[in-house]
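So the sequence lines, in the order shown, correspond to chains S and H.
Going by our numbering, the residue at position 79 of the first sequence is 104; the numbering climbs one at a time, nothing skipped.
Going by our numbering, the residue at position 53 of the second sequence is 78; the numbering climbs one at a time, nothing skipped.
C-beta atoms are modelled at their ideal positions from N, C-alpha and C, and glycine is treated no differently.
Note that the coordinates shown come from a computational prediction; the quantities given were computed from them, not determined experimentally.
Here's the structure we're looking at; comments come further down.
Protein chains: 2
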Amino acid sequence: MDICAEKCINEKKVRETVETIPQQEDIGQMVDIFKALGDPSRLKIVLALLNQEHCVCDIAVICGQTDSAISHQLRILRTMKIVKNRREGKIIYYSIDDDHVISLIHMSLNHVRH
Amino acid sequence: MDICAEKCINEKKVRETVETIPQQEDIGQMVDIFKALGDPSRLKIVLALLNQEHCVCDIAVICGQTDSAISHQLRILRTMKIVKNRREGKIIYYSIDDDHVISLIHMSLNHVRH
DNA sequence: TCTTCATTTGAACATTTGTTCATATGTTAA
DNA sequence: TTAACATATGAACAAATGTTCAAATGAAGA
Numbered sequence: 026m027d028i029c030a031e032k033c034i035n036e037k038k039v040r041e042t043v044e045t046i047p048q049q050e051d052i053g054q055m056v057d058i059f060k061a062l063g064d065p066s067r068l069k070i071v072l073a074l075l076n077q078e079h080c081v082c083d084i085a086v087i088c089g090q091t092d093s094a095i096s097h098q099l100r101i102l103r104t105m106k107i108v109k110n111r112r113e114g115k116i117i118y119y120s121i122d123d124d125h126v127i128s129l130i131h132m133s134l135n136h137v138r139h
Numbered sequence: 026m027d028i029c030a031e032k033c034i035n036e037k038k039v040r041e042t043v044e045t046i047p048q049q050e051d052i053g054q055m056v057d058i059f060k061a062l063g064d065p066s067r068l069k070i071v072l073a074l075l076n077q078e079h080c081v082c083d084i085a086v087i088c089g090q091t092d093s094a095i096s097h098q099l100r101i102l103r104t105m106k107i108v109k110n111r112r113e114g115k116i117i118y119y120s121i122d123d124d125h126v127i128s129l130i131h132m133s134l135n136h137v138r139h
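Following this line, the structure appears as structure tokens:
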């Protein structure tokens, strides 16, 4: 039951704070979102889709990257349900699928600009 | 001047969206914040400091990691001005230094729990 | 001054991550 | 069916990242 064996400076404060830390699973999910947005390629993709839906090759042009690279990143964003897609013939259109992510980005944009 | 040489599906949409993309520098700063929070160790540290200030070795106990590992991560968070510290004798207390980050975390916690 | 203790630092190492290239899938139009 | 095109996928490679270990710093008390 000892949280701090012998090393701990302030056992009471430690216990208090440990109480407030979210569950490991929640932390993991939060990390996943931040990690998803914490890459220049992916963030730029999401920023582009914030404006309107786009097909893969347009995103590639907007982001100045290979179709393949974009496709790989879109798969990650899709797996995380940050982005969704719809097919129209040969073309697949991607768009944002998560309002919370939109808020996070707006908030961070605000932060950067002040 | 050609944004899309020959590859582009919908040149008009591409131009429209390119207009809306933030400057490279802003994107870089946004990425840095998300990247800082996109690591389990660092996020847990920040979550702990959200509750109250702590010294390095208490954070280590709370997070179940080495003093050294925590110190390395704190340096990153300090460099990014997410966290600040004050010395009291031998002990150095760390605390949150950025309200925007607090908001980001609360928003992502909300996201995870709904 | 010497010792102890909290924290920091640097180098080394293992892991993770993003991009590239070549190839595969699947849809459309001929 | 075949050719052309948009997208997806897998393997390989290079680069970035987090932790560990050992050693250094700097403050307090003996």
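| query | result |
| --- | --- |
| Could you name the residues of chain H that residue 55/S contacts, counting a contact when the two beta carbons are closer than 7 Å? | 68, 133, 134, 137 |
| Have a look at the DSSP bridge pairing and note the partners of residue 112/H. | 117/H |
| Can you find a CB in chain H that lies within less than 8 Å of the CB of residue 113/S? | no |
| Taking buried to mean at least 16 other C-beta atoms within 10 Å of its own C-beta, is residue 94/H buried or exposed? | exposed |
| Taking Cβ to Cβ, would you say residue 52/H is nearer than 8 Å to residue 65/S? | yes |
| Count the other CB atoms within 10 Å of the CB of residue 98/H; is the residue buried (16 or more) or exposed (fewer)? | buried |
| Please name the residue, chosen from 132/S, 112/S, 79/S, 100/S, that lies closest to residue 120/S on a Cα-to-Cα basis. | 79/S |
| Determine whether the Cβ of residue 29/H lies closer than 8 Å to any Cβ atom of chain S. | With a pLDDT of only 41 at residue 29/H, under 50, the local geometry of the prediction cannot be trusted, and the value read off the model is given with reservation. Yes, residue 29/H lies at the interface with chain S (some Cβ there is under 8 Å from its Cβ). |
| With DSSP collapsed to three states, give me the class of residue 131/H. | helix |
| If I measure Cβ to Cβ from residue 69/H and keep anything under 8 Å in the same chain, skipping five residues before and after, which residues do I get? | 87, 88 |
| Measuring CB to CB, does residue 132/H end up less than 8 Å from residue 128/S? | yes |
| Pull up the distance between the alpha-carbon of residue 72/H and that of residue 59/H, whole angstroms please. | 15 Å |
| Measure the alpha-carbon distance for residue 158/H versus residue 115/S and round it to whole angstroms. | Given that chain H is displayed from residue 26 to residue 139, the structure contains no residue 158/H and the question cannot be resolved. |
| For a cutoff of 8 Å on Cβ pairs, would you count residue 121/H as touching chain S? | no |
| Please classify residue 111/S: is it buried, with 16 or more other beta-carbons within 10 angstroms of its beta-carbon, or exposed? | exposed |
| Can you tell me whether residue 42/S is buried or exposed? The criterion is at least 16 other CB atoms within 10 Å of its CB, across all chains shown. | buried |
| Using a threshold of 8 Å, state whether the C-beta atoms of residue 75/H and residue 130/H are closer than that. | yes |
| According to the neighbour-count rule (16 or more other Cβ atoms, all chains shown, within 10 Å of its Cβ), is residue 100/H buried or exposed? | exposed |
| Just grab the DSSP bridge partners of residue 80/H for me. | 118/H |
| Using a Cβ-Cβ distance cut-off of 8 Å, determine whether residue 87/H contacts chain S. | yes |
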